[in-house]
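With the numbering used here as the guide, the letters of the sequence shown map in order to residues 1096 to 1272.
Every residue, glycine too, gets a C-beta built ideally from N, C-alpha and C.
Structure first, commentary second.
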Amino acid sequence: MHINAGRAANRPICRFTGYGRRRAHLAMDQHFQAHSIGLKDAKSAYPLVYLHDASISLEEWLRFARRRCRQPSDRTGLIAIRDRRGLIHALFGYRIDIDLRARKKLCLGNLVVARMPGQLIDEAIIASANELAARFSCQTISLEQPFSRRTGVPGACPTAYDLSASRISFIPSTRRH
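Listed below in structure tokens is the structure:
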């Protein structure tokens, strides 16, 4: 069956892209595949991480990946979006959390995307997030934007901050504002 066959009213619309969900899934099936990556695969994702922020060393990236991969995949993990040749075009971490109504929530963070023309990568990320949410029975999906402390470096990459956060000792201010 052709993707545009049938009446438009019968096709569910993805609220993120405005396209039919089937189109997003077909885009992922035809051009990109989402794969969970473990510690042994994390090294292959490093070139994308390096392009995103060259200040992150391979050792820092592997330490970050090790922390993500320690827990069971139904709690946290890393997802890579690969093309047919196996090249990684996007990478994100996920964790399962609880929202204010005590429902399961899929939290996406540390999103690194190689920019290309078109929306196929974005659609593949959305389709992958929807599939993860369905697999883990999550009611909602949230994309985290980390808060950043004032580091004195304007425009510092949040990913670099996340990776180096464990090395920095944080001393809270005693002043009241």
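- Under the Cβ criterion (8 Å, minimum of three pairs), the stretch 1196-1204 does not count as touching the stretch 1144-1157.
- In the displayed model, Gln1125 falls within a helix according to three-state DSSP.
- With a minimum length of 4 residues, the unbroken runs of alpha helix (DSSP H) contained wholly in the stretch 1131-1213 fall at 1134-1147, 1153-1164.
- Counting along the chain, the unbroken alpha helix (DSSP H) around Ser1223 starts and ends at 1215-1230.
- Of all alpha-carbon atoms in Lys1135, Leu1238, Ile1176, the one lying nearest the alpha-carbon of Ser1223 is that of Ile1176.
- Straight-line spacing of the CA atoms in Gly1188 and Gly1213 works out to 23 Å.
- Within a 10 Å sphere around the beta-carbon of Ala1149 sit fewer than 16 other beta-carbons, which makes this residue exposed.
- The C-alpha of Asp1169 lies about 31 Å from the C-alpha of Met1211.
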